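Student: Before anything else, here's the structure in question.
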Amino acid sequence: MNHTTPKVAALMGALLAVAAPAFAADTVTSNLGVSAVVLDTCTLNAATALSFASIDNSAPTSQVVPGSLAVICTSTRSDISVSLGSGENASGGTRRMISTDGNYLPYSVYADAGHSSAVAAAENIYSGDVTAAIPLVIPVYGQIPAGSYNAGLYSDTILVTLTY
C-alpha cells in the first residue's frame, strides 16, 4: 500500500491554501513633500519702448512719443525709486541716438505728459510705493526737437535703475 500519494496531495493542498495567489497586488503609500521659496524681489521692464518710427524733417515742431516702464515686486514696498541714465551716446548733457552711419539725433526724455522738464541723467522719474504683485506702470515720453537730420536708422539705450 502506497501512502506517499495522499501525503503529497495533502502537502500540496496545504501549500496552496497558505500561498497568496500570484495575481494579488500589494498597496504601499508614502508622502510627497511640496515646498517653495518666493524671493523678496522686484523686476523692472520696459513695457513700451520710445519708438519714434519715421521722423519728418519738414515738421515745424518737435516730435513726441509715449513709452512706459513697469515695476512689479513680490512684497509691498515703500520708497522705491526709478532713475534713468544718460544713454550710451550722450554728450554734454544731451541724450543722442546714433545712426549706423555715425550721425547723431538729439532727444529728451520726460516723466510728465506736459513735457515740462527733461529728465537729467541719474534723476528719479519715480519715487514712492509699490503694492505686492500689482504692476506699477511709470509713463515716460521721448521728444526729438524740430530740425533737419541726416537720413538713417538711429538708436540708443538708456540704463534704467530700480532701487528698493
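First residue of the sequence shown? That's 1 in UniProt numbering, and the numbers climb one at a time after it. Cβ coordinates follow ideal geometry from the N, Cα and C atoms, glycine included. No experiment lies behind these values; they were computed from the predicted model shown.
(1) Which residues mark the beginning and the end of the beta strand (DSSP E) in which A46 is found?
(2) When you compare only the Cα positions, how much space is there between C73 and L136?
(3) Report the partner residues of A118 according to the DSSP bridge assignment.
(4) Could you spell out where the beta strand (DSSP E) holding L153 opens and where it closes?
(5) With distances taken from CA atoms, which of T29, N45, V38, T27 is nearest I158?
(6) Taking the alpha-carbon positions, what's the T27 to L39 distance?
(7) Measure the alpha-carbon distance for S112 versus L32 and round it to whole angstroms.
(8) Compare the C-alpha of E88 against each of P66, S155, A70, T161 and name the closest.
Tutor: Once the coordinates are examined:
(1) 42–48
(2) 9 Å
(3) Y110
(4) Neither: L153 is in no beta strand (DSSP E) and is coded neither H nor E.
(5) N45
(6) 39 Å
(7) Ser is not the amino acid found at residue 112; the sequence shown has Asp there. In a straight line, the C-alpha of D112 is about 53 Å away from that of L32.
(8) S155
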